[in-house]
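Let me begin by presenting the structure, written as structure tokens, before commenting on it.
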Ligand code: ATP
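In the numbering used here, the protein residues as written are 46 to 322.
Have a look at this one:
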């Protein structure tokens, strides 16, 4: 459904996206994971036609992002990081205006469907300024779904939301996969990538440094981690292949240890020596 080939974007001396190639299959939930400044938003902006590449290219559903922009616009929808809803209007009015601007047929029925999906149908006549941050994010998702896109892009879908609300957003994103829709998210939340994504591409300083399912990425570095604080107060971590190795390492350590399963943060640390969050 999506194919990036040597996609590159430079801003002056800054290499925001550096020769990135990967593909995303139909119906997949794919995540771009990386710390701030890794190049996630820039990658999404090129795929959603908000920014032009300085090298390489990409296709969506076989359409080139440079030469078939109109065709791509018909196939994609974006939930941006910034909230660009009209705060003076109601939820329903926001979607109705969007539906009219995009000449969406049968929009009354579709608006109801989308508002029900994000559990905002009962609040359709409330103005946006009375909505919490989580409700506004849900409405942004509903609005993006109104065009029934083949591919839905969400840039940091749960940024700034508290953990409980974040989980509500994840449930909604899972529901958006209906009809084989492809979903691409950017995130710097480890938990979000692990909870939602079939596959994750890890970006660091503009480059793709690993790509696979969360479980394969974790087994690539080791399943378990033994942690303890050494005599100098420093956190020491030993990544272990499996539980047996972790117990053997723990036995040979004098300090009190914690044994836990590895996560995508550990994968990032192992590959870059830095932390994501
Ligand atoms: P964040 O979540 O903080 O946006 P990100 O991983 O999405 O992080 P990008 O926003 O894509 O990262 O930024 C990648 C790099 O490109 C950063 O060094 C950023 O400063 C730089 N950059 C992004 N947009 C511009 C721009 N319009 N002009 C100059 N540099 C930019």
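Every residue, glycine too, gets a C-beta built ideally from N, C-alpha and C.
Can residue i be considered in contact with the ligand ATP, in the sense that its beta carbon sits closer than 6 Å to one or more heavy atoms?
{"i": "residue 59", "result": "yes"}
{"i": "residue 139", "result": "no"}
{"i": "residue 82", "result": "yes"}
{"i": "residue 56", "result": "yes"}
{"i": "residue 87", "result": "yes"}
{"i": "residue 79", "result": "yes"}
Among all the DSSP beta bridges, which residues are the ones paired with residue i?
{"i": "residue 101", "result": "Partner(s): none; residue 101 has no beta bridge."}
{"i": "residue 124", "result": "199"}
{"i": "residue 68", "result": "48"}
{"i": "residue 53", "result": "100"}
{"i": "residue 246", "result": "77, 256"}
{"i": "residue 109", "result": "104"}
For a quick check, are the C-beta atoms of residue i and residue j less than 7 Å apart?
{"i": "residue 163", "j": "residue 217", "result": "yes"}
{"i": "residue 233", "j": "residue 125", "result": "no"}
{"i": "residue 187", "j": "residue 160", "result": "yes"}
{"i": "residue 52", "j": "residue 103", "result": "yes"}
{"i": "residue 105", "j": "residue 149", "result": "no"}
{"i": "residue 247", "j": "residue 271", "result": "no"}
{"i": "residue 231", "j": "residue 200", "result": "yes"}
{"i": "residue 127", "j": "residue 227", "result": "no"}
{"i": "residue 354", "j": "residue 191", "result": "Limits of the chain in this structure are 46 at one end and 322 at the other, which puts residue 354 out of reach."}
{"i": "residue 197", "j": "residue 122", "result": "yes"}
{"i": "residue 86", "j": "residue 62", "result": "no"}
{"i": "residue 66", "j": "residue 55", "result": "no"}
{"i": "residue 238", "j": "residue 78", "result": "yes"}
{"i": "residue 244", "j": "residue 258", "result": "yes"}
Counting along the chain, where does the alpha helix (DSSP H) carrying residue i start and finish?
{"i": "residue 139", "result": "136-146"}
{"i": "residue 4", "result": "As displayed, the chain neither begins before 46 nor continues past 322, which places residue 4 out of reach and without an answer."}
{"i": "residue 311", "result": "309-317"}
{"i": "residue 320", "result": "It is not in any alpha helix (DSSP H) - residue 320 carries neither H nor E in the DSSP assignment."}
Can you tell me which of the three DSSP states residue i falls into?
{"i": "residue 272", "result": "strand"}
{"i": "residue 58", "result": "coil"}
{"i": "residue 191", "result": "coil"}
{"i": "residue 159", "result": "helix"}
{"i": "residue 204", "result": "coil"}
{"i": "residue 224", "result": "helix"}
{"i": "residue 241", "result": "helix"}
{"i": "residue 169", "result": "coil"}
{"i": "residue 302", "result": "coil"}
{"i": "residue 164", "result": "coil"}
{"i": "residue 63", "result": "strand"}
{"i": "residue 130", "result": "coil"}
{"i": "residue 179", "result": "helix"}
{"i": "residue 174", "result": "helix"}
{"i": "residue 151", "result": "coil"}
{"i": "residue 277", "result": "coil"}
Would you kindly report the start and end of the unbroken beta strand (DSSP E) that includes residue i?
{"i": "residue 227", "result": "227-232"}
{"i": "residue 282", "result": "280-285"}
{"i": "residue 95", "result": "Counting along the chain, residue 95 falls outside any beta strand (DSSP E), and DSSP gives it neither H nor E."}
Under 7 Å between C-beta atoms, does residue i make it to chain C?
{"i": "residue 221", "result": "Among the chains of the structure shown, chain C does not appear; only one protein chain is present."}
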